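**Q** Heads up, the working numbering is the position in the sequence shown plus 77, with the first residue counted as 1.
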Amino acid sequence: MANTALLVMDVQQVIVDRIADGTDYLVGLRRAIDAAHAAQIPVIYVVVGFRAGHPEISARNRSFSAISSGLGMAQDDPNVAIHPDVAPLAGDIVVTKKRVSAFTGSDLDVVLRSGDIDSLVLTGLATSGVVLSTLRQAADLDFRLTVLEDGCGDSDPEVHRVLTEKVFPRQADVVSIDEWITNVG
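#1: Starting from the Cα of LEU218, find the closest Cα among VAL207, GLY228, PRO234 and LEU197 and give me that residue.
#2: Of the residues SER183, GLY228 and SER205, which one's Cα is nearest the Cα of GLY105?
#3: Check each candidate in ARG108, LEU84, GLY230 and ARG247 and name the one with the smallest Cα separation from ASP162.
#4: Can you tell me which of ALA216, ALA82, VAL177 and GLU256 puts its alpha carbon nearest to the alpha carbon of VAL125?
#5: Taking DSSP as the reference, what is the three-state secondary structure of ARG107?
#6: How is ILE170 classed by DSSP in three states: helix, strand or coil?
#7: Do you know offhand how far GLY262's Cα is from ALA82's?
#8: Over what stretch of residues does the beta strand (DSSP E) that includes GLU226 continue unbroken?
#9: Given a threshold of 16 other Cβ atoms within 10 Å of its Cβ, counted over all protein chains shown, does LEU185 qualify as buried or as exposed?
#10: In the DSSP assignment, the beta strand (DSSP E) including THR200 goes from what residue to what residue?
#11: Quick one: is THR241 buried, meaning 16 or more other Cβ sit within 10 Å of its Cβ, or exposed?
#12: I'd like the list of long-range same chain contacts for ILE258, defined as Cβ closer than 8 Å, with 5 residues on each side in sequence excluded.
#13: For LEU218, name the three-state secondary structure that DSSP assigns.
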């Protein structure tokens, strides 16, 4: 696992607050993060954030234009901080993105390639957002991929199920947090 990194994506206070089972989700995710640290697997946090006034958001962008009309997401807004239950430790990297995929508008690819990372373990909120978009782009960039099924969450459980059971297995190994911990421990 020397060339693997765990990505913890969009687990920010404002996003966690919208997920029904946030507490259970965070407990499991913390276990995955702790297992990665114990196995000396880099943990990279990916957050979405914008400058004050949101100059990065086009009115043509259906998903993000709602943010610029009042939802916030400025980088210095405390509500967009990484949830304290899974907060980064010293040495963890935090990457800020400007779109749905962890790669778009960020320096994630540079960080991964500089660390000789060729395998990614994906977690995050939402399965149908950042996880799906990042998985597709990472596959196109030739990364080996694992998705922690219960390390992801979505406001629509059926969408989460279809993605993790039918779509993601075409490009990634999909395992539980417990299965992954057993293999890295």
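A virtual CB, placed ideally from N, CA and C, is assigned to each residue, including glycine. The model shown is predicted, which means the values in this text are computed figures rather than measured ones.
**A** According to the structure shown:
#1: Your numbering for residue 218 matches position 141 in the sequence shown. Nearest C-alpha to LEU218: LEU197.
#2: For the purposes of this step, residue 105 is identified with residue 28 of the sequence shown, where counting begins at 1. Looking from the CA of GLY105, the closest CA among SER183, GLY228 and SER205 belongs to GLY228.
#3: One-based indexing of the sequence shown puts residue 162 at position 85. The candidate whose alpha carbon is nearest that of ASP162 is ARG108.
#4: Translated into positions along the sequence shown, residue 125 becomes position 48. The option with the nearest alpha carbon to VAL125 is VAL177.
#5: The residue given as residue 107 occupies position 30 in the sequence shown. In the three-state reduction of the DSSP assignment, ARG107 falls in the helix class, which pools H, G and I.
#6: In the sequence shown, the residue the question calls residue 170 occupies position 93. Strand at ILE170.
#7: What you label residue 262 is simply residue 185 of the sequence shown in a count that begins at 1. What you label residue 82 is simply residue 5 of the sequence shown in a count that begins at 1. Their Cα atoms are separated by approximately 15 Å.
#8: In the sequence shown, the residue the question calls residue 226 occupies position 149. Counting along the chain, GLU226 sits inside the beta strand (DSSP E) bounded by residues 221-230.
#9: Start at 1 with the first residue of the sequence shown, and residue 185 comes out as number 108. Note on LEU185: 16 or more other CB atoms within 10 angstroms of its CB, so buried under the neighbour-count rule.
#10: Counted from its first residue, the sequence shown places residue 200 at position 123. Residue range 196-202 is occupied by the beta strand (DSSP E) that includes THR200.
#11: Within the sequence shown, residue 241 is the residue found at index 164, counting from 1. Per the 10 Å Cβ criterion, buried.
#12: The residue given as residue 258 occupies position 181 in the sequence shown. Spatial neighbours of ILE258 in its own chain (CB-CB distance under 8 Å, excluding positions within 5 residues in sequence) are listed in chain order as ARG108, ALA109 and ALA112.
#13: What you label residue 218 is simply residue 141 of the sequence shown in a count that begins at 1. In the three-state scheme derived from DSSP, where H, G and I count as helix and E and B as strand, LEU218 is classed as coil.
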